[in-house]
Amino acid sequence: MSDKRPGICQWCKGRCHVWAHVKDRRLLRVTLNQSLGDKCGGAQRAKCLRRAAAAEWFHHPQRLRFPLKRKGSRGGGQWEPISWDQAWDEIAHRLAKIGAQYKPESVGLLSGDNWAQLEYGTRFMNLWGSPNYVGPSPICMGPRANVARAVVGWYPAFSVSPQTRCLVLLGCNSFVGRPIVYEASRAALDNGAKLLVIDSRRTETAEQAHLWLQPRPGTDTFVLMAMVQFIIENNLYDKQFVQKWCHGLERFKQRAASYLPEEAEKVTWVPAELIRKAAELYSTNLPGAIVEGMGVEQQANAVATIHARWILAALTGNIDVEGGDELPGPHPHYISEREMEAADLLPPLQKAKQIGTDRYRFHGWPLQSELDQLTESTWGSGDGPPLWYLGQGHAPSLWTAVLNGEPYPIRALFSVGANPMVSQANTKRVYEALSALDLHVVMDVFPTPSSALADYVLPAASWLEKPQAYSYLGLARILTASEAAMPATVEGVYDRRDEYQFWRGLGVRLGQAEHWPWDTSEEMLDYRFAPLGIKFAEFARKRTRQVLNPPHYRQYETMGFATPSKKVELYSNLLEKFGYDPMPKYREEPLTPFSQPEMSKKFPLILINGARRLEYMHSGWREISLIRRHYPFPVVEVHPDTCEVLGLGEGQWVWIETRKGRIMQRIKIFDGISRQVVHADFDWWYPEMPEEAPSLYGVWLSNINLLTEDSDELCGAEMGSWPLRQTLCRLVPVESGEIPEPLRTNQFIS
């Protein structure tokens, strides 16, 4: 008979409460745990392919089982299994030599997928003396959270409730990308709420919308500013709230005056009448909540777009009200991720060396120092979100430092839950940088194209094999926890470690022992849960979840907003202080038919990418046969009229060509996209192909980041957001002889 053990799934953003069914130390299956009713967490979908494939995933023969040390050249595919003690000893020895030859900042930490508990990695880095933790933040939640903290004092973390009367999804398909939001929005819609979707694709969520605006990619700022202009012009704003609690209204009115809906139609392709309808829908159905996605963050104009979104909320009085954009504030009575990072032990002179933030000042340490002071003075706590995500340096600048030694050399890199060969822009440059490192250590659950270029590959414990606590980077009201459902070590079968164990083992060997006083992950979590008056294991077994910040609305009436003016900043003092435009302004993206008219003659189509799929999470799950049978290959969505003009058919392999190169994907005819736009799948590689170079698991075939760019002249000025969502391309049929054998035969559908 099998044993049924509770857990919290980390295989997507849903964080569903589940049962792990275990027998004789083998995972049999994973099923939904519905004992909490509607408080279970995420999407709770009855049909989840990842959950259905749980046993295959856990016991997959390609899953990393023991630490590996490279033999021979990088990319040669030769590995030697070693013990964890040998791995720790050798990595510590090599790291000490690099630190002595260069300086502490010569070591970097790259984060990626959300299963990795990186607060312990940042702790190690701060103790070591390097501020160079980098990752996807400038294109994934960094603009959302940091701009929100700068202009309203906190980030609402998707505060949709049954009381919400209008929900705006801005570049976000919650059905796939934000399951918790999707479930909350269904409750609001059942209660009579209106749904407004602003997205360049007709997504599953857009199909359910009362109103869908389909802007030209990269023009969201203009759409939002036109909505704001209409609201101001027609006196649809909350005059009492705006006059008392908004900073810079008169100057902002002057800025907004030129963003007429008719002008917006020319730039954005959205009819002026629809923009007016959208403004009326949002401003007359109160309270309203706005949820942004990476569709508006993965562009150079990300900061202006997010700022405009907050101005829209402020004008309508939708901030810190029930059903609107709630501001819960820092967590009391729980040792946060930020506190565990020990940022106070990183000297100010080292913080100032953080890579890329001398140029992109509205991110990383320059901004966090200002935000911390405002959080402390307003909320009474300086514990903002963790630095490992929202206080990052600039990843493209790190690759420059590796290759050119500017502004100083980066010689060692830890990649934890990251796959930069697939997930970072400009793959060829990433490849050159990873190949040039003196030390590259990867910690992950499966081999990847990035681990193929490592010196050491360490097997990470999955969410099934480790204790965990989660509060959405300290931004959500809820704290959830679960114990390990499976052993992390089975003698002779596998030997995995969680992130705390890895960083503690390395830190102790490098003189940090006094800062790692907890021998086990459970002891460390007991420390973090102590202010709640409960042991971690007891919390995980009896409570599972707890509301740390009960809702309190309109808190600004007694303490103001955590901004320099203590008001919502239509005119941002912090943006101005850092040398940037203090108000939103539309700027044409750098790689469009309008900014690059000559290039568009050769490459006439606008290429976007990055929509999430139900089957996959980032670059994971390509090994799993159940998933690949359902979604075997990457697809590029093309309007039927465009296909007819180009002579292309459903399922046909085509080259997507840009000035950077070309990749192959299969045509999917899709009328939910503009004729001038195509949408390509992202994060594709082929685990069934050879690991050794030049293949590197087929990373050069279909990986969209071979075509994306990250040079300084293309990145957003404030945060360095690189423009993943817009470039120019053309489609060319792939000849049958150009298709590799695995893609022709498709072993997963045999």
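Per the working numbering, the sequence shown starts with residue 502, numbered consecutively.
Beta carbons: idealized from backbone N, C-alpha and C, even for Gly.
(1) As a quick exercise: from GLY573, TRP1156 and ASN1050, pick the residue whose alpha carbon is nearest that of PRO833.
(2) For LYS572, which residues of its own chain have a beta-carbon under 8 Å away from its beta-carbon, when the five flanking residues on both sides are left out?
(3) Buried or exposed for GLN874, going by 16 or more other Cβ atoms inside 10 Å?
(4) Hey, could you find the ends of the alpha helix (DSSP H) PRO867 is sitting in?
(5) Hey, would you say THR879 sits closer than 7 Å to PRO867, going by beta carbons?
(6) Output yes or no for whether 7 Å exceeds the beta carbon distance between PHE1095 and ARG1231.
(7) Assuming LEU569 is part of the beta strand (DSSP E), what are its boundary residues?
(8) Measuring only the C-alpha atoms, how far is SER963 from SER972?
(9) How many angstroms separate the CA atom of GLY918 from the CA atom of ALA843?
(10) Ignoring anything shorter than 4 residues, give me the alpha helix (DSSP H) runs that lie fully in the stretch 889 to 937, in order along the chain.
(11) Using C-beta distances below 8 Å, list every residue in its chain close to VAL923, excluding the 5 sequence neighbours before and after it, in chain order.
(12) Using beta-carbon positions only, say whether THR1064 and GLY654 come within less than 7 Å of one another.
(13) HIS1131 lies in the alpha helix (DSSP H); which residues open and close that run?
(14) With a threshold of 8 Å on Cβ separation, who are the neighbours of TYR683 within its own chain once the five nearest residues in sequence on each side are excluded?
(15) Comparing C-alpha positions only, which one of GLU793, ALA780 and VAL946 sits nearest to MET642?
(16) How many Å lie between LYS745 and ARG978 at the Cα?
(17) With a floor of 3 residues, list each beta strand (DSSP E) that falls wholly inside the stretch 1132 to 1185, ordered by position along the chain.
(18) Near ILE836, what residues of its chain come up, given a Cβ to Cβ distance below 7 Å and the 5 sequence neighbours on each side ignored?
(19) Return the chain-ordered list of same chain residues with a C-beta closer than 8 Å to the C-beta of GLN563, the five sequence neighbours on each side being excluded.
(20) Does the Cβ-Cβ distance between LEU935 and LEU904 come in under 7 Å?
(21) Please check if any C-beta of chain C sits within less than 7 Å of the C-beta of GLU1158.
(22) Label ASN1247 either buried or exposed according to how many other C-beta atoms from any shown protein chain fall within 10 Å of its C-beta, with 16 as the threshold for buried.
(23) Taking C-beta to C-beta, are LYS604 and LEU712 nearer than 7 Å?
(24) If you compare alpha carbons, which of PRO829, GLU984 and PRO960 is closest to THR990?
(25) Which residue comes first and which comes last in the beta strand (DSSP E) that contains GLY508?
(26) List the residues that DSSP assigns as beta-bridge partners of PRO996.
(27) Quick check on the DSSP output: the beta strand (DSSP E) that includes MET944 runs from which residue to which?
(28) Hey, how far is the Cα of TRP900 from the Cα of TYR738?
(29) Between which residues of its own chain and THR722 is the CB-CB distance below 7 Å, once the five residues before and five after are set aside?
(30) Can you list, in chain order, the residues of its chain whose CB lies under 6 Å from that of SER1126, leaving out five sequence neighbours each side?
(31) Can you have a look at PRO1098 and say buried or exposed, based on whether 16 or more other CB atoms are within 10 angstroms of its CB?
(32) May I ask you to report which of helix, strand or coil DSSP gives SER686?
(33) Closest to SER638 by C-alpha separation, out of MET1220, VAL1235 and ARG1245, would be which residue?
(34) Cβ of GLY824 within 7 Å of Cβ of SER1073?
(35) Who does GLU1070 pair with in a DSSP beta bridge?
(36) Determine the direct distance from the alpha carbon of MET987 to that of GLU966, and round the result to whole angstroms.
The short version:
(1) Taking the first residue of the sequence shown as position 1, residue 833 is located at position 332. If we check each option's Cα against that of PRO833, ASN1050 comes out closest.
(2) Position 71 of the sequence shown holds residue 572. Once the five neighbours on either side are set aside, the close Cβ partners of LYS572 are GLN579, TRP580 and GLU581.
(3) As a position in the sequence shown, residue 874 is number 373, starting the count at 1. Under this definition GLN874 is an exposed residue.
(4) The residue given as residue 867 occupies position 366 in the sequence shown. Looking at the DSSP string, the run of the alpha helix (DSSP H) that includes PRO867 is 865 to 880.
(5) Sequence index remark: in the sequence shown, residue 879 carries index 378 (1-based). Sequence index remark: in the sequence shown, residue 867 carries index 366 (1-based). Not in contact: THR879 and PRO867 (Cβ atoms no closer than 7 Å).
(6) The count along the sequence shown starts at 1 and reaches residue 1095 at position 594. The count along the sequence shown starts at 1 and reaches residue 1231 at position 730. No.
(7) Start at 1 with the first residue of the sequence shown, and residue 569 comes out as number 68. That run of the beta strand (DSSP E) goes 569 to 571.
(8) As a working note, residue 963 is residue 462 in the sequence shown. As a working note, residue 972 is residue 471 in the sequence shown. If you take the alpha carbons of SER963 and SER972, they lie about 18 Å apart.
(9) For the purposes of this step, residue 918 is identified with residue 417 of the sequence shown, where counting begins at 1. For the purposes of this step, residue 843 is identified with residue 342 of the sequence shown, where counting begins at 1. Using only the alpha carbons, I get a separation of about 21 Å.
(10) 896 to 905, 921 to 924 and 928 to 937
(11) Counting from 1 along the sequence shown, the entry for residue 923 is found at position 422. THR949, PRO950, SER951, SER1120, ASP1184, TRP1185, TRP1186, VAL1200, ASN1204 and ASN1206, listed in sequence order.
(12) Along the sequence shown, one-based indexing puts residue 1064 at 563. Along the sequence shown, one-based indexing puts residue 654 at 153. In contact: THR1064 and GLY654 (Cβ atoms closer than 7 Å).
(13) As a first step, residue 1131 is located in the sequence shown; it is residue number 630 there, counting from the start. Segment 1126 to 1131, the alpha helix (DSSP H) holding HIS1131.
(14) One-based indexing of the sequence shown puts residue 683 at position 182. Result list for TYR683: ALA544, SER675, PHE676 and THR706, in chain order.
(15) Stepping through the sequence shown from its first residue, residue 642 is reached at position 141. Selected option, being the one with the closest Cα: GLU793.
(16) As a position in the sequence shown, residue 745 is number 244, starting the count at 1. As a position in the sequence shown, residue 978 is number 477, starting the count at 1. Each residue's alpha carbon lies about 27 Å from the other.
(17) 1136 to 1139, 1154 to 1159, 1162 to 1170 and 1178 to 1181
(18) As a working note, residue 836 is residue 335 in the sequence shown. Once the five neighbours on either side are set aside, the close Cβ partners of ILE836 are TYR1028, ARG1029 and PRO1032.
(19) As a working mapping, residue 563 is identified with position 62 in the sequence shown. Only PHE947, PRO948, GLU1124 and PRO1188 meet the Cβ criterion.
(20) Taking the first residue of the sequence shown as 1, we reach residue 935 at position 434. Taking the first residue of the sequence shown as 1, we reach residue 904 at position 403. Not a contact, by the Cβ cut-off of 7 Å.
(21) As a matter of chain content, chain C is missing from the structure shown, which is built from one protein chain.
(22) Within the sequence shown, residue 1247 is the residue found at index 746, counting from 1. It counts as exposed.
(23) Here the question's residue 604 lines up with position 103 in the sequence shown. Here the question's residue 712 lines up with position 211 in the sequence shown. Not in contact: LYS604 and LEU712 (Cβ atoms no closer than 7 Å).
(24) Indexing the sequence shown from 1 puts residue 990 at position 489. Comparing Cα positions, the closest option is PRO960.
(25) Counting from 1 along the sequence shown, the entry for residue 508 is found at position 7. GLY508 -> beta strand (DSSP E) spans 504 to 509.
(26) Indexing the sequence shown from 1 puts residue 996 at position 495. Here residue 996 is Asp; the residue named in the question, Pro, does not match the sequence. THR990.
(27) Along the sequence shown, one-based indexing puts residue 944 at 443. Counting along the chain, the beta strand (DSSP E) containing MET944 begins and ends at 940 to 945.
(28) Numbered from 1 along the sequence shown, position 399 holds the residue referred to as residue 900. Numbered from 1 along the sequence shown, position 237 holds the residue referred to as residue 738. Computed Cα separation, rounded: 46 Å.
(29) Along the sequence shown, read from residue 1 onward, the residue named residue 722 stands at position 221. So the qualifying residues of the chain are ASN802, ALA805, THR806, ALA809, PRO1085 and TYR1087.
(30) One-based indexing of the sequence shown puts residue 1126 at position 625. The answer, listed in chain order, is PHE1249.
(31) On the sequence shown, position 597 is the one that residue 1098 refers to. Exposed, by the Cβ-count rule.
(32) Indexing the sequence shown from 1 puts residue 686 at position 185. Here SER686 sits in helix by DSSP.
(33) Taking the first residue of the sequence shown as 1, we reach residue 638 at position 137. It is MET1220 whose Cα lies nearest to the Cα of SER638.
(34) In the sequence shown, the residue the question calls residue 824 occupies position 323. In the sequence shown, the residue the question calls residue 1073 occupies position 572. Cβ distance not < 7 Å, so GLY824 and SER1073 don't count as in contact.
(35) The count along the sequence shown starts at 1 and reaches residue 1070 at position 569. According to DSSP, GLU1070 bridges with HIS748.
(36) As a working note, residue 966 is residue 465 in the sequence shown. As a working note, residue 987 is residue 486 in the sequence shown. Going by the C-alpha atoms only, they are around 5 Å apart.
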